Amino acid sequence: MEGFTALRLLPWLSPDGKRCFLAPGDGSGFVSRLADETETRQLAEGMDVCRSAHRVLGDPLTPNAEVRYTAIRLTECLADALRVAESRGRRLPPAGDDTGDLGGEPAPEAGVGTVDRDPGVRP
Numbered sequence: 001m002e003g004f005t006a007l008r009l010l011p012w013l014s015p016d017g018k019r020c021f022l023a024p025g026d027g028s029g030f031v032s033r034l035a036d037e038t039e040t041r042q043l044a045e046g047m048d049v050c051r052s053a054h055r056v057l058g059d060p061l062t063p064n065a066e067v068r069y070t071a072i073r074l075t076e077c078l079a080d081a082l083r084v085a086e087s088r089g090r091r092l093p094p095a096g097d098d099t100g101d102l103g104g105e106p107a108p109e110a111g112v113g114t115v116d117r118d119p120g121v122r123p
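The opening residue of the sequence shown carries number 1 in the UniProt record's numbering; numbering runs sequentially from there.
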């Protein structure tokens, strides 16, 4: 379908649990900016929860209720991160499309990069 631009998947669900979408624009509108800020916050929260989970799961004396709560939070953060990844992936230009060049540096090779990880996290 020529001339069709995909809808943006928003980083939240409707009150009845359905996915929310935004018609494409230039990215400067209120809802688009709110979605960008929400995605950033969700990913940062996921990193915080992951760090906390390492502490909880690294202690063999952690009560079962705390381990269960940690698993629930990790699951919530994973769902958020997957929704952000899907949304951002939908907005990438098709492979071989030179019109979507974002400039900047090329992506690092596999296994090489500047991923900020906890020392205890294994890839």
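Just so it is clear, CB atoms sit at the ideal spot from N, CA and C, and this is done for glycine as well.
What you are looking at is a predicted structure, and each value in this text was computed from that prediction instead of being measured.
Outcome for residue i when other beta-carbon atoms lying within 10 angstroms are tallied against a minimum of 16
i, result
"Val31", "exposed"
"Ala35", "buried"
"Thr62", "exposed"
"Gly27", "exposed"
"Pro11", "buried"
"Ala6", "exposed"
"Glu39", "buried"
"Thr75", "exposed"
"Gly46", "buried"
Which of helix, strand or coil DSSP assigns to residue i
i, result
"Arg90", "helix"
"Leu10", "strand"
"Ala95", "coil"
For residue i, the nearest candidate out of the options (CA to CA)
i, options, result
"residue 143", "Glu37, Ala81, Arg88 and Ala6", "The requested residue 143 does not occur in the structure, where the chain is confined to residues 1 to 123."
"Ser52", "Asp16, Arg73, Arg91 and Ser28", "Arg73"
"Gly29", "Arg19, Arg8, Arg41 and Ala44", "Arg8"
"Arg91", "Arg19, Ala23 and Pro15", "Ala23"
Unbroken alpha helix (DSSP H) run spanning residue i, endpoints
i, result
"Leu43", "Phe30 to Gly58"
Residue interval of the beta strand (DSSP E) (run including residue i)
i, result
"Leu61", "No beta strand (DSSP E) contains Leu61, which DSSP labels as neither H nor E."
Residues that DSSP places opposite residue i in a beta bridge
i, result
"Leu82", "DSSP output for Leu82 lists no bridge partner at all."
"residue 131", "Residue 131 lies beyond the residue range present for the chain, which begins at 1 and ends at 123; the question has no answer from this structure."
Any non-hydrogen atom of the ligand ZN closer than 7 Å to residue i Cβ
i, result
"Gly25", "No copy of the ligand ZN occurs in the structure displayed, which carries no ligand at all."
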